[in-house]
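Below you'll find the structure, written out as structure tokens, and then a few comments.
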Amino acid sequence: PNITIKSYPEYGGYGLYAKDDIAYYDNMYQIPADIILSVESIREGYSTFNAGISERLEMVQSHGGDDAIIALQLMVECALGAESDIHPYLDIMPDGVPRLDTFSDSDLAMLQDPSLASLS
Numbered sequence: 043p044n045i046t047i048k049s050y051p052e053y054g055g056y057g058l059y060a061k062d063d064i065a066y067y068d069n070m071y072q073i074p075a076d077i078i079l080s081v082e083s084i085r086e087g088y089s090t091f092n093a094g095i096s097e098r099l100e101m102v103q104s105h106g107g108d109d110a111i112i113a114l115q116l117m118v119e120c121a122l123g124a125e126s127d128i129h130p131y132l133d134i135m136p137d138g139v140p141r142l143d144t145f146s147d148s149d150l151a152m153l154q155d156p157s158l159a160s161l162s
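This is how it looks when you write it as structure tokens:
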């Protein structure tokens, strides 16, 4: 399909924009498997590099869950800089993300979406 990335400032970011109709099973985009980070792919990657690291990853996971493993790998990828396979993605990430507990009441009110609330 004929799609492009388009700015949607009213939603605070970018999204996909279809220039033509899209059929139900059309493949709109493809993500290469080697840039998908999952706990399984991280474990697999390190198992060929250092067998002893599996025990350390299990320890990290037991204390922080899957998110801790992913966060650790993201730190590694950031340290690799331009050598990282996911550098183009990391390069467009924001420098920081505000936490909800720092939002004012008016900020929180803007997050309320009546159409989403009606679905719950």
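Going by the numbering used here, the sequence shown opens with residue 43, and the numbers climb by one from there. In this text, a Cβ means the ideal position worked out from N, Cα and C, and glycines have one as well.
In this structure I111 is in contact with V81, their Cβ atoms being roughly 5 Å apart against a cut-off of 8 Å. When DSSP states are grouped into helix, strand and coil, S148 belongs to the helix group. Rounded to whole angstroms, M135 and L150 show a C-alpha spacing of 23 Å. Going by beta carbons, I95 and Q115 fall outside the 8 Å limit. Under the DSSP definition of a beta bridge, A124 lacks any partner. The C-alpha of D109 lies about 30 Å from the C-alpha of S157. When DSSP states are grouped into helix, strand and coil, I47 belongs to the strand group.
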